[in-house]
Amino acid sequence: MGKEDRVKAPIVEALIKAYEKKSYHFHIPGHTRGQGVYKPFKDFMGEKFFRCDMTDEFDGIGTLNPPTGPIKEAEEMCAKLFGAQKSLFLLNGSTVGNIAIAMALSLQGKKIIVNRNCHRSVLTGMIVSGAEPLWVIPQKLDDWSLWGKINPDDIEKLLDTHNDVEMVWLTNPTYEGVVSDIKSISKICKKHNVPLVVDEAHGTLWKFKEAFPTPSLDLGADIVVQSFHKTGGSMAQTSVMHIAKDTNFDVEALVHSLRLLQTTSPSVILLAGLDAARAQLETEEGAHNIQTAIDNANYLRNEIRQLKHIKQLEQHPCDPTKIFIKAEHLSGIQLESVLEKDYNTEVESASDRGLLILSNIGNERKDFEYLAKVLKEIDGKNYTDAKPDKKKHMPMLVPEIKMNLRKAFYSEKEEVNKEDAIGRISAEVIAECPPGIAVLLPGELITEAHLPYLEDYDKLEVVKQG
Ligand SMILES: Cc1ncc(COP(=O)(O)O)c(C=O)c1O
0 MGKEDRVKAP
10 IVEALIKAYE
20 KKSYHFHIPG
30 HTRGQGVYKP
40 FKDFMGEKFF
50 RCDMTDEFDG
60 IGTLNPPTGP
70 IKEAEEMCAK
80 LFGAQKSLFL
90 LNGSTVGNIA
100 IAMALSLQGK
110 KIIVNRNCHR
120 SVLTGMIVSG
130 AEPLWVIPQK
140 LDDWSLWGKI
150 NPDDIEKLLD
160 THNDVEMVWL
170 TNPTYEGVVS
180 DIKSISKICK
190 KHNVPLVVDE
200 AHGTLWKFKE
210 AFPTPSLDLG
220 ADIVVQSFHK
230 TGGSMAQTSV
240 MHIAKDTNFD
250 VEALVHSLRL
260 LQTTSPSVIL
270 LAGLDAARAQ
280 LETEEGAHNI
290 QTAIDNANYL
300 RNEIRQLKHI
310 KQLEQHPCDP
320 TKIFIKAEHL
330 SGIQLESVLE
340 KDYNTEVESA
350 SDRGLLILSN
360 IGNERKDFEY
370 LAKVLKEIDG
380 KNYTDAKPDK
390 KKHMPMLVPE
400 IKMNLRKAFY
410 SEKEEVNKED
420 AIGRISAEVI
430 AECPPGIAVL
440 LPGELITEAH
450 LPYLEDYDKL
460 EVVKQG
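Under numbering that gives the first Met the number 0, the residue at position 236 of the sequence shown is numbered 235, and the numbers go up by one with no gaps.
Printed below as a string of structure tokens:
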């Protein structure tokens, strides 16, 4: 029996069985296996898709909350593969995982150490829980307008100064692939007996090849959230939360919070997609696809090294599949626009100084040969007349917090003109995606420095003055 034959995907199998079974349906979803769906949409998507669109509980699929049947089996297989005590499937992305973590583990007024460039879902979690952030400010890569690594010494200093920290909650890698020294940070957290949570939304593949940095779960993190859909091959909005084998975290509290937050009608298609992605990562084909993604990225990286005016961010260690480039005379947004308009090429995201290219498990070498050719052509052109962008995209400010996030969010508010908001306290999160890093948080003092990031806003919500 080959490796492929030994790989199982219990939700996928249960879904196929349910699909093949002849039966009558008097339950949700109300389109009843596609019969009630708008015809052009059904014709486009295909009948099979709607026949498979069911929630858990039916036809031997099992349930998500609590996990039973094939869904439980699939979560257990995922936990085994990633070396976790438990892996929990998330149906509102890593976003719901982060909110559940905050809700369960960072209660009202409790201190948590968190990196300033965290994703907005971490901030949402803090608004829900009322926790007090102690910001850790990563290194700034000014030439790239990006946030860099977190310095482990900064975590140590904060833990030495505050003896009542509930958890250290860090993002690794950053959206653009900057990798921090989680091994050292994990040691520091263990020394201080404080749990470490890692938002590893962009690191799902790390377990599977030496070329990647070591996953945080293998470096002693207590809880790790991964957006499987970002790089792992599952469908949009599906993620996984891994809980370490030897954590002191209150696992039950976490499971309960998640149960409160997750939908009560989980899509079996999305769950099967997660199960299938995990299974695929275990197959030889899956391993081959990951290697191809790395090889393609290395190919492109070598091609970019030959260019004169386009440079790439080179860091060690790094996730080779995330390639951040900048061009001498173009902002990231302008370069993105050239790629889109002149070359029909879509990249992951663009920012002030550069843009992010992902080499994915679904890409082929010819995609990269084309991109290399395109970049070479752009490199040879003269873009010196490009006007500078008015709007700034990557928030690089250090927030001056004047009020607890939750308190500011729930305070009496008023809307004021942007210019009149200077000196006032923000009552809202402004964090455009990507990268989902906050320009403004509830409780933060609004200053002149925020204005270049707020070009698209006329009014801001601020805390009403008493
Ligand atoms: C670092 C980070 N954490 C969390 C998230 C939220 O993930 P999801 O889109 O899976 O909800 C993102 C999304 O971009 C992210 O970049």
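Glycine included, C-beta positions come from ideal geometry on N, C-alpha and C. The structure presented is a predicted model; accordingly, all values stated were derived computationally and were not measured.
Note down the Cα distance separating residue i from residue j, rounded to an integer number of angstroms.
i: E302; j: A371; result: 6 Å
i: W143; j: L329; result: 12 Å
i: K518; j: Q311; result: The chain is shown from 0 up to 465; residue 518 falls before or after that span and cannot be answered.
i: N381; j: H308; result: 10 Å
i: T31; j: L218; result: 47 Å
i: A448; j: E418; result: 12 Å
i: K412; j: G82; result: 46 Å
i: G108; j: A252; result: 18 Å
i: L270; j: V36; result: 22 Å
i: P9; j: G465; result: 58 Å
i: V197; j: K21; result: 45 Å
i: A99; j: V397; result: 26 Å
i: D42; j: P28; result: 18 Å
i: C188; j: H255; result: 25 Å
i: E460; j: K139; result: 29 Å
i: T213; j: E199; result: 11 Å
i: D4; j: A286; result: 15 Å
i: P151; j: I111; result: 15 Å
i: F248; j: Q261; result: 20 Å
i: L157; j: P137; result: 13 Å
i: Y409; j: G435; result: 21 Å
i: T62; j: T54; result: 9 Å
i: D153; j: K190; result: 15 Å
i: E175; j: D58; result: 42 Å
i: E347; j: L354; result: 8 Å
i: L334; j: A101; result: 38 Å
i: F40; j: K390; result: 38 Å
What are the partner residues of residue i, as DSSP defines its beta bridges?
i: M311; result: Here the sequence assigns Gln to residue 311, which means Met is not the residue at that position. Bridge partners of Q311: I324.
i: T170; result: D198
i: V239; result: F88, Q225
i: H100; result: Here residue 100 turns out to be Ile, not His, going by the sequence shown. Looking at the DSSP assignment, I100 forms no beta bridge with any residue, so it has no partner.
i: L466; result: This structure cannot speak to residue 466, because the chain is shown only from 0 to 465.
i: I112; result: L133, V167
i: E413; result: V461
i: L329; result: A326
i: V177; result: C317
i: T54; result: S266
i: H118; result: I436
i: I491; result: Absent from the model: residue 491. The displayed extent of the chain is 0 to 465, so no value can be given.
i: W146; result: K139
i: S350; result: Partner(s): none; S350 has no beta bridge.
i: I429; result: L439
i: I400; result: E443
Would you check whether ligand 1 has a heavy atom nearer than 7 Å to the C-beta of residue i?
i: H201; result: yes
i: T170; result: yes
i: P265; result: no
i: D198; result: yes
i: S93; result: yes
i: C432; result: yes
i: G475; result: Absent from the structure is residue 475, since the part of the chain shown begins at 0 and ends at 465.
i: G272; result: no
i: H228; result: yes
i: H241; result: no
i: H26; result: no
i: G435; result: yes
i: S120; result: yes
i: N359; result: no
i: N97; result: yes
i: S256; result: no
i: S348; result: no
i: S215; result: no
i: Y174; result: yes
i: S86; result: no
i: S508; result: As displayed, the chain neither begins before 0 nor continues past 465, which places residue 508 out of reach and without an answer.
Thinking residue i and residue j are a contact (beta carbons under 8 Å), I'd like their distance in whole angstroms, please.
i: I73; j: D274; result: For clarity, residue 73 is Ala in the given sequence; the question names Ile instead. With a Cβ gap of about 4 Å, A73 and D274 count as contacting.
i: I400; j: A420; result: I400 to A420, Cβ: 16 Å. No contact.
i: G331; j: L280; result: Not confirmed; about 31 Å, so no contact.
i: M393; j: D351; result: 5 Å
i: P69; j: A13; result: 4 Å
i: S93; j: A130; result: In fact, because the Cβ distance is near 18 Å, the residues do not count as touching under 8 Å.
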